[in-house]
Each structure stands twice: as structure tokens, then as C-alpha cells.
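Number of protein chains: 2
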Amino acid sequence: MSIEAPAARATTTESLLGLLSLGPLSGYEIRQLIDESIGNFWTESFGQIYPTLKRMAADGLVSVEETPDGKRRKKTYSLTDPGRERLREWLAMPVSVQVPRNELLLKLFFGNRGERSEMQRLVETRRDLLTARLARLRAIEQQITADHAGHPALPFWLMTVRYGTAETTALLGWCKDCLTTFKEMS
Amino acid sequence: MSIEAPAARATTTESLLGLLSLGPLSGYEIRQLIDESIGNFWTESFGQIYPTLKRMAADGLVSVEETPDGKRRKKTYSLTDPGRERLREWLAMPVSVQVPRNELLLKLFFGNRGERSEMQRLVETRRDLLTARLARLRAIEQQITADHAGHPALPFWLMTVRYGTAETTALLGWCKDCLTTFKEMS
DNA sequence: TAGCACATGTAATAAGTTACATGATTTT
DNA sequence: AAAATCATGTAACTTATTACATGTGCTA
């Protein structure tokens, strides 16, 4: 009868609720969908997805439909009303912020303990990575704008892409400043 | 005699090596120093620091000096030559990058499942947080520039601070764009 | 003398990745 | 016939946080 408060939950459950709000999905399909949608700022592994879906079904947040289409076995999960309610509740809750660990900055902070050329190489590598990322994000923005014109979620999806472009552009500028500093140091 | 390769190590060890390269420190002092130095992009808890220091001493990366000054018990750790060598090796290794989870973007991606005003409030809260962060970073930049003028590590320390200001400034702009979008939606 | 800062450490818990194990269906 | 893809799930391991446990010395 009594449901023990499960203590500060992770967000894996909520991310799956969100994805399932787009339509019924299997665990395998969820994994694929992540790569094509929220993959630039969120990941989930199979080791998390399958056990979490099972728990969510037990909690009544999703319903399961076994699909033995004569074909492969497959479990398709759908949001229930309590699941939709839980998603809405979570969306309205404040975002928890913690310090993200940044290994590049950690190395740079101790940069004068290493070779200057090595430190410079780390920044160059990051610059190249960010350059590729920026191109990818710009392509995504073009594509979703074209593919989902008029979709009520499009403004929200664009916000997430533009977060990436804004951040990436700024950090590319930072890389260039760093490389200038490296040149001045020698 | 044979040392089993400890498999892909975490960076807690390396962060402690870096901090100890600034001078001998106890576990407690390390925690304090983190708050005053790399706290904006790196954290370590006591639960990590103490066991890791013990392991590092066993591995010969640091030496321990018990300090029963007639005062409190205290263990002061110092880098050994193998520790310094390990730090240099790590600094030269490429930075591993993985997708950082961004809970704000996760919520915004599913934003049209919630109340528009709630989503807007999430962005406003983030804007306020970033505004405070920017002020803090600017103050730090002023202070370390004044306090450590001429210090060989200063250019590196400034790089880490400017990473923060560049990122924060860009994301503040993004917040404003989002809030404009929210206004246009209503 | 009460409370705070100093100081070290362990245990419980949480969260997540990777590798393993299994097997069906489709494509080359 | 082999390889790739679809599909589900578990086990082992790693990493980290939080809470707990303990005790000293200084200051209000």
C-alpha cells in the first residue's frame, strides 16, 4: 500500500518518459532515437535502459506490449497517464546544477608542469573537435528547420541546437585566444 | 613483483598529483585548495581524496609525513619523482571527451509537453545563475592577475578562467534569445 | 562550555559503463 | 554461408557522493 519514497531519483527515468512522449518505443528503438535527437547532450546505455523500463512498468509509468508479430520478440512501451503526469511534474521542477568536470581545463591549470608544445597540442585538438561539432550542429539546425516546419516542438528543439552552436562558437574563439597566448609565450 | 595494469584509471589520482605539484598538502588542505583554485571545473570529495592518497602512497607516487607537532595529527603528502613523472605523462595524453549530460537541454527538448511559463522560468533561472557566475569569474580574473603577476603558471590559470567567461557570456546570449522566442510564442 | 574549524577515515548508496550471453532475421 | 542488424537482458566493475563515526584544538 505504502510507496517508499525512492530518494533523489536519477534522470534516466525522466529522459525515457520524455522520449516515450514522442510515441511508443522499444528499448532498442529508444537507444537509436537518442542518437538522432538528444545525443548531443544526453546519453543512456542499454545497461540503464532495459532495467529502467522494467522498473517503470512495475511503477505503472509505462505499459508494455509484447509484439510476437510472427517476427522477432519485441517489447513496445507506451506512456500511461501517470507517466505523462510524472513527466509534466519533472519538467516544472528546477534544474539541479553541479560542477561538470572538465579534464582539458584541469590539464591546462597544471600546464606549466608539462611541455608547452604538448599543452598547445591539447588546445589544437580541441579546436578541431569543436570545428567539426559546429559544422554538425549547423547541419542539424538546417535539417530540422526544413523537416519539422510548423511542428509545435520545433522552437524547443532549435533552442537545444542553438545552445550547442553558441557554446561551440564561443569555445572556438577561446581556443584561438589560447593559441595566441602560446605563441607569445615562446 | 609484477604490477597488474589497473585498467583505465580515473583522473582523481591525476588531479591530486597536479595539486601536490604546487606543494606538500594534507587531504584536508587539498579539499580547501580545490575550492580556491579548480573548483569551477573540478570537484573531489573526501570520500575520494583520502582513499586515493593512501593508494598513491602505496604506489609510490607520493610520500607521507606524519606531523604530530604536539598538535593535531596530520598527514602531509609530497610528490615523489615517479609522481612528477606520472603527472607529466598524463598532461601529454589526449583529453578523453564524452557527452556531458545537460538536464536543462533535456527538459527544453521536451518543453512542449509542459507549461510554456514553466519552461521560460527554467531559462530565467539559468540566466540568473550565469549572471552571477560571470561576475564571480571576472572578479577571479582581476584578482589572480594582480596577485600572481609574473608567475609562470599565470597564463595557464587565465586560460581556465577565460574558458569560463567565454562560455558563460555565450550562454547568457543564448538565454536572451530563448526568452525572445518565448515572448514570440505567446 | 559550547560550538566551530581542523582532521582522517569508512560504509552505504547511487549511478552508470562495458562486457558478456543469447538468439532471431535480414542482407550481402 | 557469413556478416550485419535487430533485440533483450544480466553481471561485473568503476566511479563518485553522502552520511556516519571519531576525535582534537581554538575561540566566543
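Heads up: the protein sequence lines correspond to chains A and B, in order.
Note that my numbering numbers the first sequence so that position 161 is 277, with each residue one more than the last.
Note that my numbering numbers the second sequence so that position 94 is 210, with each residue one more than the last.
A virtual CB, placed ideally from N, CA and C, is assigned to each residue, including glycine.
In three-state DSSP terms, what is residue i?
i                      : result
residue 222 of chain A : helix
residue 159 of chain A : coil
residue 277 of chain A : helix
residue 182 of chain A : strand
residue 127 of chain A : coil
residue 191 of chain B : strand
residue 119 of chain B : Low confidence applies here, because residue 119 of chain B scores a pLDDT of 30, under 50, leaving its location unreliable; read the following figure in that light. Coil, per DSSP.
residue 138 of chain A : coil
residue 235 of chain A : helix
residue 143 of chain A : helix
residue 265 of chain B : coil
residue 244 of chain A : helix
residue 301 of chain B : helix
residue 196 of chain A : coil
residue 312 of chain A : Past the boundaries of the shown model lies residue 312 of chain A; chain A is included only from 117 to 302, so the question cannot be answered.
residue 295 of chain A : helix
residue 177 of chain B : coil
residue 271 of chain B : helix
residue 230 of chain B : coil
residue 167 of chain B : helix
Does the distance from the C-beta atom of residue i to that of residue j stay below 8 Å?
i                      : j                      : result
residue 211 of chain A : residue 220 of chain B : yes
residue 245 of chain B : residue 281 of chain B : no
residue 272 of chain A : residue 289 of chain B : no
residue 287 of chain A : residue 257 of chain B : no
residue 193 of chain B : residue 178 of chain B : yes
residue 146 of chain A : residue 132 of chain A : yes
residue 207 of chain B : residue 152 of chain A : no
residue 200 of chain B : residue 137 of chain B : yes
residue 135 of chain A : residue 149 of chain A : yes
residue 294 of chain A : residue 172 of chain B : no
residue 205 of chain B : residue 191 of chain B : no
Output yes if chain B places a C-beta closer than 8 Å to the C-beta of residue i; else output no.
i                      : result
residue 162 of chain A : no
residue 188 of chain A : no
residue 167 of chain A : no
residue 279 of chain A : yes
residue 202 of chain A : no
residue 271 of chain A : yes
residue 219 of chain A : yes
residue 304 of chain A : No statement about residue 304 of chain A is possible, as the shown extent of chain A runs from 117 to 302 and does not include it.
residue 275 of chain A : yes
Could one say the Cβ of residue i lies closer than 8 Å to chain A's Cβ atoms, at least one of them?
i                      : result
residue 224 of chain B : yes
residue 304 of chain B : The displayed coordinates of chain B run from 117 to 302. Any statement about residue 304 of chain B would go beyond what the structure contains.
residue 256 of chain B : no
residue 227 of chain B : yes
residue 213 of chain B : yes
residue 230 of chain B : yes
residue 302 of chain B : no
residue 268 of chain B : yes
On the criterion of 16 or more Cβ atoms from any shown chain inside 10 Å, does residue i qualify as buried, or is it exposed?
i                      : result
residue 189 of chain A : exposed
residue 239 of chain A : buried
residue 298 of chain A : buried
residue 129 of chain B : buried
residue 225 of chain A : buried
residue 209 of chain B : exposed
residue 266 of chain A : exposed
residue 163 of chain A : exposed
residue 292 of chain B : exposed
Inset, instruction - Check distances from the C-beta atoms of the stretch 281-294 of chain B to those of chain A and list, in chain order, the residues that come in under 8 Å. - result: 282, 283, 285, 286, 287, 289, 290, 293, 294
Inset, instruction - Could you please tell me which residues of the stretch 122-153 of chain A, in chain order, have their CB closer than 9 Å to any CB of chain B? - result: Hits within the stretch, in order: 127, 130, 131, 133, 134, 135, 137, 138, 153.
Inset, instruction - Would you list, in chain order, the members of the stretch 233-248 of chain A that have their beta-carbon closer than 9 Å to a beta-carbon of chain B? - result: 234, 235, 237, 238, 239, 241, 242, 245
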